[in-house]
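The opening position of the sequence shown corresponds to residue 16 in this note's numbering, with each subsequent residue numbered one higher.
Glycine is no exception: its CB is placed at the ideal position from the N, C-alpha and C atoms.
On a predicted model such as this, the values are computed, not experimentally measured, just so you know.
Take a look at the structure below.
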Amino acid sequence: MKKTEEIINKIAQDKLDFHLGLHILLEEDYSFKELFNTLHNYIINSIPNKTDYNSEAYQRAINSIPLKPTFTPIIILKSFSTKIAFYKLASMPENEHKKIITSLLWIFKITDTERRNTECKNGCGHFWHELE
Ligand SMILES: [Zn+2]
């Protein structure tokens with residue numbers, strides 16, 4: 016597992032503070048594309064319905080992102096299906112990148128927690144759910 020993947024999973028599992036972990040991920044030479052792709056895959060894998068955005072955990076996640084709800088990435092996430100929203104987010108200008116990563120990291124924390132509490136509850140074999 017890459018260092019960034021380990022940080023993301025630790026944040027999702029409450030083994031690393033959200034804001035501290037976000038700060039580490041966004042240090043100087045972070046790659047937006049790499050983080051975006053990783054979080055995109057993680058989110059899609061953690062929600063029951065891959066194309067729609069109506070699952071309860073996903074809705075709860077996008078409605079509780081710790082940023083101003085008037086920021087463009089949040090409006091996009093709330094207005095479009097996951098597929099279209101992620102397509103739009105991927106091509107947004109650099110001044111939106113940190114807001115996008117913050118939003119996606121938060122969404123994954125919520126949707127992964129939901130999955131760990133439901134389908135993973137009695138043992139799942141996801142090696143990244145076995146972090147110390
Ligand atoms: Zn699992």
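Report task. Less than 8 angstroms between the CB atoms is what I'm expecting for threonine 126 and isoleucine 58, so what's the real figure, rounded? Result -> 6 angstroms
Query raised in the report: How long is the line joining the alpha carbons of lysine 83 and glutamate 49, rounded to whole angstroms?
Result: 25 angstroms
**Report entry** leucine 5 versus serine 46 - alpha carbon distance
**Finding:** Beyond the ends of the chain as shown, which are 16 and 147, falls residue 5; an answer cannot be given.
**Report entry** Burial state of leucine 119, where buried means 16 or more other Cβ atoms lie within 10 Å
**Finding:** buried
Requested in this report: Compare the C-alpha of glutamate 71 against each of Thr85, Glu129, Glu111 and name the closest.
Outcome: Glu129
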